[in-house]
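Residue numbers (the working numbering), protein chains in the order written: chain A, 5 to 165; chain B, 1104 to 1284; chain C, -9 to 175.
Positions of the beta carbon are idealized from the N, C-alpha and C atoms, including for glycine.
Notes for the one structure printed next.
Written out as structure tokens, the structure reads:
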């Protein structure tokens, strides 16, 4: 009985410290970051917040999910996506439209095929960039692009190369 | 002294970890040997290029964030050792709740303290849920990137989509061969 | 430096807040940059820096200077960085360590292909990031933090020769990726 009592106390204290504490720690960091921002930065964040808040709840959840997924990525993948974002942002609207059109094909896939593709991509990630480029150049997707489109996708797939 | 020995020791030479005699012989060899000279230039140039990756300034708020965490840690430390075992659980909960509340108020106090810059956006802040902003701050700072995150990730799948969709056996074989390699 | 750090730890043990702030000022930048370069992620570098100093504070109660303070401090940073990488590595993705790292094939970039400073910088970052973790940490500690081979060996818990070999192999890889590039004139 005494043992159970002591264990309850031990785990109780442990739980309080490690779960709510961990969450608090993130908030403390954020609070300090928020307070160190100048009014312009705060204003900008408030605008983004308002826009986010006025959007549909599904979109809000999606962005939260994206943030979590990004945090889980290994550093080289993060770096690649950051570079890709830089390239994507610098595209002309017509270039972005082309990318979005091509991506519709991914969206239209049934869930099973999407899973299959993700698995295959995870395997492909282990290959060197050279090997990947050779494979991409042989793919139907690549063959269907014109020179200008290839230029865009080459930069997006291997930013900085 | 042969080329292989020189190439194996170029790194030690660049780090200044060789004896004087070895340095003299290595230098002499590198000056007279094209292949080792080329290797030496390649390695030293790459090593020097790392200078391009300059230090980054840590964010200004970091010291403050660490101090706040330490304060919190201190409170928890004393709670753990000062109170009798049975009372610790109850008191820890109430102290923690109390502390969290104080902290929240502290945050508000801090905003009030630096009145000058905050006054301009005080109205804006009053109109929004500041706590929600703070909880999700990274999300708003990175919103533009996160909005495009799906698009950016899907780009990698494009060559595979076409490959899977097309029913061409020949090229499908190339995919299988590629993945099996 | 070391003596001062140890003296500061003794003051922190007695509850001297100023001593902790002083220690933080002395090492914050360096700890942050080690984590930042190793993980190439500002957010994670922030988290790790905060966690490192929290651990230093906790350890101050029982701190017993057996090794150089910086070696002890950077061992904490290194362990947290490796944990962060381990956590992320999904089970399905094959880990690339020194032994399984494929032989580097030089692509012989055209030396006449001059690049802007920003592009070169980006290539440097990518080249260092592509190094296997054990090589990467050794290179960062030696090149950016001025650690000696012996200190790195102590910090990594391996032999001096192993560190030398790692740094040597890293240099060869970096030479292959960066040695042929040059800046715009």
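Exposed or buried, which one is residue i when buried takes at least 16 other CB atoms within 10 Å?
i, result
"residue 64 of chain C", "buried"
"residue 114 of chain C", "buried"
"residue 112 of chain C", "buried"
"residue 25 of chain C", "buried"
"residue 1123 of chain B", "exposed"
"residue 166 of chain C", "buried"
"residue 128 of chain C", "buried"
"residue 68 of chain C", "buried"
"residue 58 of chain A", "exposed"
"residue 1141 of chain B", "exposed"
"residue 115 of chain A", "exposed"
"residue 147 of chain C", "exposed"
"residue 34 of chain A", "buried"
"residue 98 of chain A", "exposed"
"residue 36 of chain C", "buried"
"residue 7 of chain C", "exposed"
"residue 1175 of chain B", "buried"
"residue 1242 of chain B", "buried"
"residue 121 of chain A", "buried"
"residue 1168 of chain B", "buried"
"residue 1154 of chain B", "exposed"
"residue 122 of chain C", "buried"
"residue 1190 of chain B", "exposed"
For the alpha helix (DSSP H) that residue i lies in, which residues bound it at each end?
i, result
"residue 52 of chain C", "Element bounds for residue 52 of chain C: n/a, residue is neither H nor E."
"residue 162 of chain C", "150 to 168"
"residue 1126 of chain B", "1123 to 1135"
"residue 1114 of chain B", "1106 to 1117"
"residue 25 of chain C", "7 to 29"
"residue 97 of chain A", "97 to 111"
"residue 1255 of chain B", "1246 to 1257"
"residue 136 of chain A", "133 to 142"
"residue 70 of chain A", "61 to 76"
"residue 1260 of chain B", "From DSSP, residue 1260 of chain B is part of no alpha helix (DSSP H); its letter is neither H nor E."
"residue 119 of chain A", "115 to 128"
"residue 53 of chain A", "43 to 58"
Spatial neighbours of residue i within its chain, please: C-beta separation below 6 Å, excluding the five flanking residues on both sides.
i, result
"residue -1 of chain C", "50 and 53"
"residue 81 of chain C", "Any answer about residue 81 of chain C is weak, because its pLDDT of 34 lies below 50 and its placement is not dependable; what the coordinates show is given next. There are no such residues."
"residue 1217 of chain B", "Note on residue 1217 of chain B: pLDDT 48, under 50, position unreliable in the model; the coordinate value appears next. There are no such residues."
"residue 9 of chain C", "-2, 1 and 2"
"residue 21 of chain C", "39, 42 and 67"
Which same chain residues end up closer than 8 Å to residue i when comparing Cβ atoms and leaving out the 5 residues on each side of it in sequence?
i, result
"residue 155 of chain C", "none"
"residue 14 of chain C", "43"
"residue 84 of chain A", "163"
"residue 18 of chain C", "39 and 43"
"residue 93 of chain C", "With a pLDDT of 33 at residue 93 of chain C, under the threshold of 50, the modelled position of that residue is not reliable, and no figure is offered here."
"residue 4 of chain A", "The requested residue 4 of chain A is not part of the displayed model; chain A covers only 5 to 165."
Just tell me which of the options has its CA closest to the CA of residue i.
i, options, result
"residue 1231 of chain B", "A:104, A:90, A:52 and A:116", "A:52"
"residue 148 of chain A", "A:102, A:114, A:123 and A:127", "A:102"
"residue 2 of chain C", "B:1173, B:1227, B:1154 and B:1153", "B:1173"
"residue 28 of chain C", "C:55, C:70 and C:46", "C:70"
"residue 110 of chain A", "B:1151, B:1256 and B:1139", "B:1256"
"residue 36 of chain A", "B:1179, B:1105 and B:1171", "B:1171"
"residue 77 of chain C", "A:57, A:97 and A:75", "A:75"
"residue 119 of chain C", "C:8, C:30 and C:4", "C:30"
"residue 107 of chain A", "A:30, A:41, A:56 and A:145", "A:145"
"residue 1139 of chain B", "B:1195, B:1227 and B:1107", "B:1107"
"residue 1224 of chain B", "A:31, A:43 and A:38", "A:43"
"residue 140 of chain A", "A:120, A:150 and A:158", "A:158"
"residue 54 of chain A", "B:1152, B:1252 and B:1240", "B:1240"
"residue 128 of chain A", "B:1244, B:1252 and B:1261", "B:1261"
"residue 123 of chain A", "B:1157, B:1156, B:1264 and B:1130", "B:1264"
Enumerate in chain order the residues of its own chain whose CB-to-CB distance from residue i is below 7 Å, with the five nearest sequence positions on each side excluded.
i, result
"residue 47 of chain A", "none"
"residue 1126 of chain B", "1116"
"residue 32 of chain C", "26"
"residue 64 of chain A", "56"
"residue 140 of chain C", "150"
"residue 1244 of chain B", "none"
Residue i: beta carbon under 6 Å from a heavy atom of the ligand SAH?
i, result
"residue 38 of chain C", "Summarising the ligand content, the structure contains no ligands, and the ligand SAH is consequently not present."
ask   = Does the count of Cβ pairs from the stretch 1138 to 1153 of chain B and the stretch 1109 to 1123 of chain B closer than 8 Å reach three?
value = yes
message = Three or more C-beta pairs under 8 Å: does that hold for the stretch 1122 to 1141 of chain B against the stretch 1149 to 1164 of chain B?
response = no
inquiry  = Using 8 Å as the cut-off, can you tell me whether the stretch 130 to 148 of chain C makes contact with the stretch 80 to 95 of chain A, which would need three or more C-beta pairs spanning the two stretches below that distance?
reply    = no
inquiry  = Three Cβ pairs or more, each shorter than 8 Å: is that satisfied between the stretch 55 to 74 of chain A and the stretch 1237 to 1250 of chain B?
reply    = yes
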